[in-house]
Amino acid sequence: MACSTPYGEAPTTDKSDGPNPGGQEAGNDPTPGDAPCKLYGPVGQPEKDDDPTVEVPPFIMAVDNLIISETTPSIGTLGFDIDGVCTCDTRAGNAHGGESSCKPKGSPICDADGGIDNSFGKLISTFDTFGSFADMTKVKERINSGRQTLLVYMRRYNGRANDRDVEIGLLPSDGVRTAGCAGSTQNSDGNYNPGWCGDDAWTTVPEGQIADGTPIALANGYVNNYRFVVNLPATARVPLGPVPLEVGTPIITGKLIPLDENLNPRPPGDPPATEKQKRLYKVEEGQLVGRMVVQSLLATLGAADVSGGNDRLCQSILYVQLRKEICAAIDIARAPSLDFQSYACDALSASLGFTAQPAVRGAAYLEQLAPNDCLPVNGAPKVPTQYAPDYNCPP
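In terms of the UniProt record's numbering, the sequence shown opens at residue 1 and continues consecutively.
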């Protein structure tokens, strides 16, 4: 059984280890031993739990930087294999003969080394022609002004380097509504800019949680040498302006850095020394890897402000070219259950990088959206335009 909301669904019982074929710190590799292409995934579950008798209280970390790029200096190429094939690598012994996991409209989009699926990352480079994706969605401005971010939620964690069974989830936030850090000032929209002192109180969107505050998007995962991994059997909705970006069945991973009360790194392996240290962790080398629903991506961009005023992208001829580029980048099915079922490709493989800082949980709050004729209604702009009659790819 599962409960559903606009922010996804969480199973009542699940042990979602997800794809684990190798990763940033060598993990399990399900690729046949003689396969030329070794599928690349996150680190696997640790062999032992450092302290299975201890659980620190639940805590959150607020994303302070959402990295919309194909590569980062610390990680290299973002992404993992998420469909069990090195697409286009037809060498003997490779899984599925290197064929695409879905039926492409034209030629298949080839994977990076290790079968890494990140068509969205490749697409981002073309956005330089139009202005960056981050600029269009104003993601940095929204985070730095305390208006919107994504919260990483952890519970049942022992606070140590290795934990075989933790729960990890995501909570969308519509801003900081009270000052928690010295120097935080209130903006004209009523939000406070975050001070990143560990005490910023980020609100949580009511529809992203159940009655007791547990995230809807939550699943069992693990921590291996401070690197956490979870595969959410749900749709994550990443706050990117008025319309969240939907990423299906995402793998979420990152490196936890335990901090002292001055927010300096603590000695690795040591348990938290104080009650406050039990919630003081930051995330480096974070990734959210999954299947980006194309209609969601078109709606996120269509409703974006392109002028600093009230002009939206769905009202601009620029939308037509962007839709063409986005629809040409479709490379995967929207759900793993549709892989290798002769299903038409209808999503983009994607990886978003991120870092996150310790924070505290504020009250439930939902921002009241400004008037916007490009908000999606039944798969189309509220007021369809000649450039965007709907938020679908052309047949």
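Heads up, the beta-carbon is just placed ideally off N, CA and C, and yes, glycines get one too.
Closest to I326 by CA distance: which of P242, T90, K122 is it?
Position 326 of the sequence shown, counted from the first residue, corresponds to residue 326. Among P242, T90, K122, the Cα nearest to that of I326 belongs to K122.
Cutoff 7 Å; reference S296; Cβ partners in own chain excluding five residues on either side
As a position in the sequence shown, residue 296 is number 296, starting the count at 1. Closer than 7 Å at the Cβ level, and outside the excluded window around S296, lie L245, E246.
3-residue-minimum beta strand (DSSP E) runs that sit fully inside the segment 252-319, ordered along the chain
281-293
Under the rule that 16 or more other beta-carbon atoms within 10 Å means buried, what is A344, buried or exposed?
If you number the sequence shown from 1, residue 344 lands on position 344. Classification for A344: exposed.
Select from T90, P104, G302, G97 the residue whose C-alpha is nearest the C-alpha of R334.
As a working note, residue 334 is residue 334 in the sequence shown. Ranking the options by Cα distance to R334, first place goes to P104.
Reduced DSSP category for E246 - H, G, I as helix; E, B as strand; rest coil
On the sequence shown, position 246 is the one that residue 246 refers to. The answer is strand: DSSP assigns E246 an E or B state.
At which residues does the alpha helix (DSSP H) containing V139 begin and terminate?
The residue you call residue 139 lines up with position 139 of the sequence shown. Element bounds for V139: 139-144.
If you check the beta carbons only, do V176 and W196 fall under 7 Å apart?
In the sequence shown, the residue the question calls residue 176 occupies position 176. In the sequence shown, the residue the question calls residue 196 occupies position 196. Result no, Cβ atoms of V176 and W196 do not sit closer than 7 Å.
Check whether the segment 274-288 touches the segment 209-221, counting contact only when three or more Cβ pairs, one atom from each stretch, lie closer than 8 Å.
no
L369 burial status per 10 Å Cβ neighbour count (16 or more: buried)
As a position in the sequence shown, residue 369 is number 369, starting the count at 1. Under this definition L369 is an exposed residue.
Going by the CB atoms, is the gap between G98 and D89 shorter than 7 Å?
Position 89 of the sequence shown, counting from 1, holds the residue named residue 89. Position 98 of the sequence shown, counting from 1, holds the residue named residue 98. Their beta carbons are under 7 Å apart, which means D89 touches G98 by this criterion.
Which whole-angstrom value describes the C-beta separation of I67 and V152, a residue pair presumed to lie in contact below a C-beta threshold of 8 Å?
As a position in the sequence shown, residue 67 is number 67, starting the count at 1. As a position in the sequence shown, residue 152 is number 152, starting the count at 1. In fact, because the Cβ distance is near 15 Å, the residues do not count as touching under 8 Å.
Quickly, what does DSSP pair residue 398 with across the bridge? List them, please.
No statement about residue 398 is possible, as the shown extent of the chain runs from 1 to 395 and does not include it.
Which whole-angstrom value is the C-beta distance of N378 and P242, which I expect to be below 8 Å?
Position 378 of the sequence shown, counted from the start, is the residue given in the question as residue 378. Position 242 of the sequence shown, counted from the start, is the residue given in the question as residue 242. That belief does not hold up - the Cβ atoms of N378 and P242 are roughly 17 Å apart, past 8 Å.
Could you check if V320 is buried or exposed, using at least 16 other CB atoms within 10 Å of its CB as the buried criterion?
As a first step, residue 320 must be located in the sequence shown, where it is residue number 320. Flag for V320 reads exposed.
Which residues DSSP lists as bridging R156, in chain order:
Counting from one through the sequence shown, the residue named residue 156 turns up at place 156. For R156, which the question treats as bridged, DSSP gives no partner whatsoever.
Assuming residue 396 is part of the alpha helix (DSSP H), what are its boundary residues?
In this structure the chain extends from 1 to 395, so residue 396 is not present and cannot be described.
Does the distance from the C-beta atom of A304 to that of T137 stay below 7 Å?
On the sequence shown, residue 304 is found 304 positions in, with the first residue counted as 1. On the sequence shown, residue 137 is found 137 positions in, with the first residue counted as 1. Cβ atoms of A304 and T137: closer than 7 Å.
To which residues of the same chain is A35 closer than 7 Å at the C-beta, ignoring the five residues directly before and after it?
Stepping through the sequence shown from its first residue, residue 35 is reached at position 35. Once the five neighbours on either side are set aside, the close Cβ partners of A35 are G93, N94, A95.
Terminal residues of the continuous beta strand (DSSP E) containing E55?
In the sequence shown, counting from the first residue as 1, residue 55 sits at position 55. Here E55 belongs to no beta strand (DSSP E), and DSSP marks it neither H nor E.
How many angstroms separate the CA atom of L170 from the CA atom of D113?
The residue you call residue 170 lines up with position 170 of the sequence shown. The residue you call residue 113 lines up with position 113 of the sequence shown. Roughly 29 Å separates the two Cα atoms.
Got a sec? Which residues, its chain only, sit under 8 Å from D111 by beta carbon, not counting five neighbours each side?
In the sequence shown, the residue the question calls residue 111 occupies position 111. Cβ within range, chain order: D81, V85, C86, T87, C88, D89, D117.
Determine whether the beta carbon atoms of P271 and G159 lie at a separation below 7 Å.
Here the question's residue 271 lines up with position 271 in the sequence shown. Here the question's residue 159 lines up with position 159 in the sequence shown. Yes; because the gap between Cβ atoms is below 7 Å, this pair is in contact.
Among the candidates P239, I251, N225, V238, whose CA atom is the shortest distance from the CA of L232?
Indexing the sequence shown from 1 puts residue 232 at position 232. The candidate whose alpha carbon is nearest that of L232 is I251.
Integer-rounded CB distance, given that A363 should sit under 8 Å from D200
Here residue 200 corresponds to residue number 200 of the sequence shown, with the count starting at 1. Here residue 363 corresponds to residue number 363 of the sequence shown, with the count starting at 1. Contact flag wrong, Cβ pair sits at about 13 Å.
First through last residue of the beta strand (DSSP E) which encompasses W202
The sequence position of residue 202 within the sequence shown is 202, counting from 1. Residues 201-204.
State yes or no: is the C-beta of S119 within less than 7 Å of the C-beta of S349?
In the sequence shown, residue 119 corresponds to position 119, counting from 1. In the sequence shown, residue 349 corresponds to position 349, counting from 1. The answer is yes: Cβ separation under 7 Å.
Within a Cβ cutoff of 6 Å, which residues of the same chain sit near C374, ignoring the five residues on either side of it in sequence?
Translated into positions along the sequence shown, residue 374 becomes position 374. So the list reads G302, A303, R312, C314, P381, once near-sequence residues are dropped.
Can you say whether K282 is buried or exposed, counting buried as having 16 or more other CB atoms within 10 angstroms of its CB?
To locate residue 282, count along the sequence shown from 1; it is residue 282. It counts as buried.
For Q209, which residues in the same chain have their Cβ closer than 7 Å to its Cβ, ignoring the five residues on either side in sequence?
In the sequence shown, residue 209 corresponds to position 209, counting from 1. For Q209, where only same-chain residues beyond five positions count, the Cβ hits under 7 Å are L171, P215, I216.
Could you have a look at K105 and say whether DSSP puts it in helix, strand or coil?
The residue you call residue 105 lines up with position 105 of the sequence shown. In the structure shown, K105 sits in coil (DSSP, three-state: anything other than H, G, I, E or B).
Would you mind stating whether residue 413 and G79 have Cβ atoms separated by less than 7 Å?
The structure shown does not extend to residue 413, since the chain is modelled only from 1 to 395, so the question has no answer here.
Nearest to Q45 by alpha carbon, out of D163, S125, S316, R156?
Within the sequence shown, residue 45 is the residue found at index 45, counting from 1. It is D163 whose Cα lies nearest to the Cα of Q45.
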